[in-house]
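Down below is the structure, laid out as structure tokens.
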Amino acid sequence: MANPDLVKQFGVKLLGIYTGGVLTQLIDIGYQVGLFEAAKTGPATSQELADRAGLKERYVREWLGSMVTSGIFSYTPASRTYALPEEHAALLTGNAHTNAAPTSRMINHFGSHLQRLTSCFREGGGISYSAYRPVFTQCMDDTWRRIYDGLLVSGFISAVKGLPAMLGKGIRVMDIGCGTGHAMNILAREFPQSTFVGYDIAEDAIAGAREEAKSFGLTNVSFEVVDVAALPSDPKFDLITAFDAIHDQRAPDAVLEGACRALALDGAFLMIEFKFSSRLEENISNPFAPMYYGFSLMHCMPVSLALDGQGLGTVWGEQLARQYLAKAGFGSVTVLDSPRPQNSIFVARH
Ligand SMILES: C[S@@+](CC[C@H](N)C(=O)[O-])C[C@H]1O[C@@H](n2cnc3c(N)ncnc32)[C@H](O)[C@@H]1O
């Protein structure tokens with residue numbers, strides 16, 4: 002017979018899980034309509050906050066009810082004012098990579114495919130990348146542009162000894178699955194002696210990348226719609242990067258083999274992936290694990306399986322990633338900590 006205390010304990014946990022699900026939707030709304038930014042100015046009544054953001058007070062007040070009772074906002078009954086503590090604003094507002102609000106939109110977008118995903122459990126197959134566009138492209142851009150702005154040069158690139166100096170002298174760089182290209186555009190602006198190319202299969206992403214390069218006035222970067230499973234082996238590149246772009250491929254082995262063939266003899270391949278073990282039991286105490294297995298299930302795995310692909314999933318883990326890199330022909334692989342705790346930087350060489 003089930004232990005009633007443990008049932009009660011799990012009931013409390015479940016309430017927290019469901020509350021988190023609802024709050025994720027409400028954070029998404031608050032982010033999209035600008036309520037967190039509006040609250041940053043200082044304590045306000047629901048009417049004042051609605052006026053600041055140009056919204057309907059009744060909706061704002063109900064939203065605030067959830068925000069206050071969940072502890073995201075504080076409330077002063079005497080003045081009927083609501084406040085977003087500075088420490089909470091640090092993680093829900095602004096253009097820094099610490100703003101976690103865009104993640105709520107991504108989670109809710111993944112949730113909009115649940116009906117199709119449920120039938121995949123019964124029938125197999127997957128959900129094509131195109132079904133997620135254009136919202137997925139926008140969400141990726143919204144999340145990662147902040148990370149690239151804050152951490153690309155000082156964190157990811159500088160983690161590899163000698164790389165900033167090489168980029169400063171002038172090398173050829175290719176980015177695999179470049180999305181909207183912000184990483185390459187930042188590097189092209191920072192290192193004018195080097196030349197950069199970004200490949201992605203998504204036409205909307207490439208259009209955005211080209212537009213940004215133009216707005217930055219860059220002449221040392223280009224973007225092409227290319228299936229990276231068939232990368233040309235010439236010309237060679239001194240640096241090849243793949244930011245969160247290998248595990249969801251249809252044929253990650255072919256992509257890695259192509260990257261190895263296209264890499265100059267003394268070049269480096271930087272693969273930024275999620276920092277997990279390939280063994281489930283070693284991920285149990287990792288606080289990121291449930292969310293990333295979920296992201297995998299709701300996006301990264303089905304986009305690959307939709308193409309009859311390998312469906313590695315987001316949590317393929319370091320051990321399996323090392324096997325794939327070795328099989329692709331990389332003779333040496335070093336795994337470095339990334340400036341974000343949930344990522345690793347794989348540095349692979351010939
Ligand atoms: C998770 S997103 C990462 C995007 C980008 N690196 C970023 O940081 O925003 C993976 C990207 O890989 C692209 N992709 C998937 N399969 C591809 C393929 N076979 N050839 C080229 N790009 C592909 C997707 O269109 C998507 O933009």
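First residue of the sequence shown: 2, per the numbering used here; consecutive thereafter. The C-beta atom is built at its ideal place from N, Cα and C for all residues, glycine as well. Quantities reported herein were computed from a predicted structural model and do not represent experimental measurements.
Measuring from the CB of T181, is there a heavy atom of ligand 1 at a distance below 7 Å? The answer is yes for T181.
Using a Cβ-based criterion (distance less than 7 Å to any ligand heavy atom), does R123 qualify as near ligand 1? No, Cβ of R123 sits at least 7 Å from all heavy atoms of ligand 1.
L337 beta carbon less than 8 Å from that of A160: Yes. Within cutoff.
Which residues does DSSP pair with L96 in a beta bridge? For clarity, residue 96 is Asn in the given sequence; the question names Leu instead. Bridge partners of N96: none, in fact.
What first and last residue would you give for the beta strand (DSSP E) that runs through R173? R173 -> beta strand (DSSP E) spans R173 to I177.
Is it buried or exposed for Q116, if we count other Cβ within 10 angstroms and need 16 for buried? Exposed: under 16 other Cβ atoms inside 10 Å.
Does the beta-carbon of N4 have 16 or more other beta-carbons within 10 angstroms, so that it is buried, or is it exposed? The residue is exposed, with fewer than 16 neighbouring Cβ atoms inside 10 Å.
Near ligand 1: V227 beta-carbon under 7 Å from a heavy atom: Checking the Cβ of V227 against ligand 1 gives yes.
Helix, strand or coil: how does DSSP classify A102 here? If DSSP states are grouped into helix, strand and coil, A102 belongs with the helices.
Which term fits N344, buried or exposed, when burial requires 16 or more other beta carbons within 10 angstroms of its beta carbon? Buried, since its Cβ has 16 or more Cβ neighbours within 10 Å.
Residue closest to D228, alpha-carbon to alpha-carbon, out of G218, A260, D239 and S216: For D228, the nearest C-alpha among the options comes from A260.
Using CA coordinates, which residue listed in G12, T196, A252 and L153 is at the minimum distance from C301? Nearest of G12, T196, A252 and L153 to C301, Cα basis: A252.
Distance check for V226 and I202, CA to CA, integer angstroms please. Straight-line Cα distance between these residues: approximately 5 Å.
Coil, strand or helix - R350 by DSSP: Strand at R350.
Whole-angstrom distance between L92 and G12, CA atom to CA atom: Taking the straight line joining both Cα atoms gives about 29 Å.
Interface flag, A329 vs chain C, CB-CB below 8 Å: Looking at the structure shown, chain C is missing, and only one protein chain is on hand.
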